[in-house]
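Enquirer: Position one of the sequence shown corresponds to residue 1 (full-length UniProt numbering), numbered consecutively onward.
Quick reminder that beta carbons are idealized off the backbone N, C-alpha and C, glycines included.
I'd like to ask you about the structure that follows.
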Amino acid sequence: MANQLTVVNTLQSDAVKEKFEAVMGEKANGFVSSVLSVVTNNNLLAKADFNSVYTSAMKAAVLDLPVEPSLGMAYIVPYKGKAQFQIGYKGLIQLAQRSGKVTKLNSGKIYKGQFKSYNALSEELDIDDIYTPKEDEEVVGYFGYMKLSNGFEKITYWTKERVEKHGKKYSQSYDSKFSPWQTNFDAMAEKTVLKSILSTYAPLTIEMQNANDFDNGKNTGIEPLEVKDVTPENDNESLLSDLLEDEPSVDAETGEIMENTELDLDYGSINAK
């Protein structure tokens, strides 16, 4: 209970609000309120280390991305007692659009009966463009496509096996049953392929560099906040116990009750132009 009180109360403190105001200006109050909503609706986040919650939220603030799960821009998710920051598909697209250099972005699944060939040298992907997948047909890979305003185009194709190896290597929570890699593999796969193009071939704006660092777990330019114990004795214990322990977490997008689970990240499909 003490840690829950510290997370919630410290997020509401003037010291924290001042930090976010320095980054976001007049949008800070609304942003902090949204972070509080995310925390109080997820028991694991409410019990997480405060500085990990603060750092994750500050990453979203620096990138000016909302953290409401239903928006699909950015997420604060729990893992082994700490919070982690993750960018969603829509967040990547938003940052790419802000650069003014990316005119088209797309990614998607490739089914077994749809795939013909892929030439990595010429980057030619041969598929059945009007293919209708069968029910429960196997997905064999994922594509990503980007076009810049100067005419430069980039297309890539990753097999499902390559995506799996990448996820296991770079995601600490890959094997957790609560990880989005387990609950929504296709969405994480498409994000991974799209990110591989944007981080390598898109114009390297400061925002895109920060986004890549933050999504890879780096805290570039963000310092932890010195937290003092602000836990009351017992006067608020019953109220917060009801709020944070007795009520299950609810998926803001689907309304599904999730007891003691991480957020189920549903990035959705991409067809942004």
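Where does residue 144 land, buried or exposed, given buried means 16+ other C-beta within 10 angstroms?
Expert: So residue 144 ends up on the buried side.
Enquirer: Start and end of the alpha helix (DSSP H) containing residue 206?
Expert: From DSSP, the alpha helix (DSSP H) with residue 206 extends over 206-215.
Enquirer: Are there 16 or more other CB atoms within 10 angstroms of the CB of residue 216, so buried, or fewer, so exposed?
Expert: Exposed, since its Cβ has fewer than 16 Cβ neighbours within 10 Å.
Enquirer: In the structure shown, what three-state DSSP assignment does residue 197 receive?
Expert: Three-state DSSP puts residue 197 in a helix.
Enquirer: Quick one: what's residue 144 bridged to in DSSP?
Expert: Its beta-bridge partners are 107, 156.
Enquirer: What's the C-alpha gap between residue 106 and residue 218?
Expert: Computed Cα separation, rounded: 26 angstroms.
Enquirer: Taking only three categories from DSSP, how would you classify residue 93?
Expert: Correct three-state label for residue 93: helix.
Enquirer: Does the beta-carbon of residue 151 have 16 or more other beta-carbons within 10 angstroms, so that it is buried, or is it exposed?
Expert: The residue is exposed, with fewer than 16 neighbouring Cβ atoms inside 10 Å.
Enquirer: Just the Cα atoms here: how many angstroms apart are residue 166 and residue 131?
Expert: If I take the Cα positions, the gap works out to 28 angstroms.
Enquirer: What are the residues that DSSP puts in a beta bridge with residue 119?
Expert: 124.
Enquirer: Between the beta-carbon of residue 48 and the beta-carbon of residue 78, is there less than 7 angstroms?
Expert: Cβ distance < 7 angstroms, so residue 48 and residue 78 count as in contact.
Enquirer: My assumption, with CB atoms under 8 angstroms, is that residue 90 sits in contact with residue 63. Please give the rounded CB distance.
Expert: At roughly 12 angstroms, the Cβ-Cβ gap does not stay under 8 angstroms, so residue 90 and residue 63 are not in contact.
Enquirer: Using only CA atoms, which one of 203, 220, 222 lies nearest to residue 100?
Expert: Measuring from the Cα of residue 100, the nearest candidate turns out to be 203.
Enquirer: If you compare alpha carbons, which of 66, 45, 102, 149 is closest to residue 299?
Expert: Past the edges of the chain, shown from 1 to 273, lies residue 299, and the structure says nothing about it.
Enquirer: Would you grab the beta carbon distance between residue 40 and residue 8 for me? Rounded to a whole angstrom, and I think it's under 8 angstroms.
Expert: Sure, about 7 angstroms apart at Cβ, within 8 angstroms.
Enquirer: Would you kindly work out how many angstroms separate the C-alpha atoms of residue 249 and residue 163, rounded to a whole number?
Expert: Caution applies to residue 249, whose pLDDT of 44 falls short of 50 and renders its modelled position unreliable; the value that the coordinates give is listed next. Answer to the nearest angstrom: the Cα atoms are 30 angstroms apart.
Enquirer: Around the Cβ of residue 206, are there at least 16 other Cβ atoms within 10 angstroms (buried) or fewer (exposed)?
Expert: Under this definition residue 206 is an exposed residue.
Enquirer: Taking Cβ positions, are residue 61 and residue 24 nearer each other than 7 angstroms?
Expert: In contact: residue 61 and residue 24 (Cβ atoms closer than 7 angstroms).
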